[in-house]
Amino acid sequence: MCGLAAVRMERTRMAHKVIDRLGGVEEATVLGRSTKAPTAVAAAFNSDITYALDADDTLFDSAHFATIVVSSARAEAERVDASGDSLLRAVAVGYDMTARLNLACSFMEVVDGKMKWSELFGSGYGTLGTVVSAGLVSGLSRDRMIHALVAATAPTARNTHNTERTEPATYKHCPNMHVVQAGMTASTLAEAGYPGEPDLLDLEPGFFDAQGFRSVRREAITENIGDRWRILDSAVKYCPAFLLHGCLHRCVARARP
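Taken in order, the sequence shown gives residues -11 to 245; the numbers are from our numbering.
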């Protein structure tokens, strides 16, 4: 729905121009475009298009990344002609991975009684979620999935705007296009046999530091895994208005007889 609503936006038309120039094998559908594009390209730009209106889901009002895992899984499913069950499984597991990483990390902490925010806002959890969702659909083995995940840690995009910046330009808070592109590329590399270093996520300083997180609670990544599915905590913004939709719902509720 978010993607279809954004099809006529100028940003989407610019995306189509870029895709035309990139060219490549026709594998997956791009929203609003009559011809297909390479899987990684389609996933990356579809994620950007569906994020444009900020009308997508939200997880505890802290992040919204369904567009990332859905775009990745959907494009890969189209390429390999995957079943609906396979697609849904990939979205659920990819979302869970992304949410767990997001909730385990913090961009702020209290120092001497004052809140300190990071000046980097990385979305690397979305890249790793992309790897999981795309890899499950394409049938990556456990070993290849590990290589894909660590391969994605190096090029993962992060926004370098600091806390003084209030008006996003090329990208919003999450550079979805590059976040997904990095994950899709890593998945493709691993499928072709490229190796990775399995300890990359454990290095300090390493992936989490490069994303700008001020603190990481690693044990939270695997807490109740398999028993609690974070996709069930996702909420739809019926009144998309950045952080104001909760207030709007309260106003509507009060206005009802």
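Even glycine gets a Cβ: it sits at the ideal position worked out from N, Cα and C.
Model, not experiment: these values are computed from the prediction.
Taking the C-alpha atoms as reference points, what is the distance between residue i and residue j?
i, j, result
"Val168", "Thr144", "9 Å"
"Glu207", "Ala92", "8 Å"
"Ala87", "Ser22", "33 Å"
"Gly171", "Gly181", "15 Å"
"His237", "Met96", "28 Å"
"Asn150", "Pro245", "With a pLDDT of 48 at Asn150, under the threshold of 50, the modelled position of that residue is not reliable, and the figure given next carries that caveat. Rounded to whole angstroms, Asn150 to Pro245 spans 46 Å at the Cα level."
"Glu179", "Arg132", "7 Å"
"Pro193", "Ala80", "30 Å"
"Leu220", "Ser71", "22 Å"
"Arg242", "His166", "42 Å"
"Ile7", "Leu188", "32 Å"
"His4", "Ala51", "26 Å"
"Val98", "Glu211", "24 Å"
"Asp100", "Phe48", "26 Å"
"Thr20", "Gly11", "Sequence check: residue 20 is Gly here, not Thr. Their Cα atoms are separated by approximately 16 Å."
"Arg(-4)", "Met2", "11 Å"
"Val176", "Lys102", "The sequence shown places Thr at residue 176, not Val. Approximately 44 Å, taken between the alpha carbons."
"Asp73", "Cys162", "29 Å"
"Ala43", "Glu(-2)", "17 Å"
"Ser121", "Asp190", "22 Å"
Does the beta-carbon of residue i have 16 or more other beta-carbons within 10 angstroms, so that it is buried, or is it exposed?
i, result
"Leu250", "Because the chain in this structure spans residues -11 to 245, residue 250 falls outside the shown range and cannot be described."
"Tyr113", "buried"
"Leu75", "buried"
"Gly184", "buried"
"Lys104", "exposed"
"Gly82", "buried"
"Lys24", "buried"
"Cys235", "exposed"
"Ser240", "Looking at the sequence shown, residue 240 is not Ser but Val. So Val240 counts as exposed."
Throw me the rounded Cβ distance for the residue i and residue j pair, which I believe falls under 8 Å.
i, j, result
"Val125", "Ala78", "5 Å"
"Gly123", "Ala136", "6 Å"
"Thr27", "Ala16", "5 Å"
"Asp84", "Trp217", "6 Å"
"Thr141", "Phe195", "4 Å"
"Ala198", "Gly110", "7 Å"
Is any non-hydrogen atom of the ligand GTP found closer than 7 Å to the C-beta of residue i, if you look at the structure I gave you?
i, result
"Leu41", "Inclusion of the ligand GTP in the displayed structure is not the case, the ligand content being empty and no account of it being possible."
Note down, in chain order, each residue of its chain lying with its Cβ closer than 7 Å to the Cβ of residue i, except the 5 sequence neighbours on either side.
i, result
"Asn164", "Ser35, Asp36, Tyr39, Thr55, Ile56"
"Ser94", "Phe201, Arg202, Ser203"
"Leu41", "Cys(-10), Ala(-7), Ala(-6), Pro228"
"Leu89", "Tyr113, Leu116, Ile209"
"Arg9", "none"
"Thr173", "Ala28"
"Pro186", "Ile134, Val138"
"Ala61", "Leu75, Ala78, Val79, Gly82, Ser121, Ala122, Val125"
Tell me which residues share the same chain as residue i and place their Cβ nearer than 6 Å to its Cβ, disregarding the 5 neighbours each side in the sequence.
i, result
"Ala30", "Ala16, Val18, Ala63"
"Val68", "Ser126"
"Ala223", "Thr46"
"Ala65", "Leu75, Val125"
"Ser106", "Phe95, Gly200, Arg202"
Residues in the same chain with beta-carbon distance under 8 Å from residue i, minus the five sequence neighbours each way, listed in chain order, please.
i, result
"Val13", "Pro26"
_In chain order, each alpha helix (DSSP H) run of at least 4 residues that lies wholly inside the region 174 to 202_ = 195 to 198
_Any beta strand (DSSP E) of 3 or more consecutive residues that is wholly inside the region 51 to 134_ = 96 to 99, 102 to 105
*asked:* Could you tell me which whole alpha helix (DSSP H) segments of length 4 or greater appear in the region -7 to 50?
replied: The qualifying runs are -2 to 10, 27 to 39.
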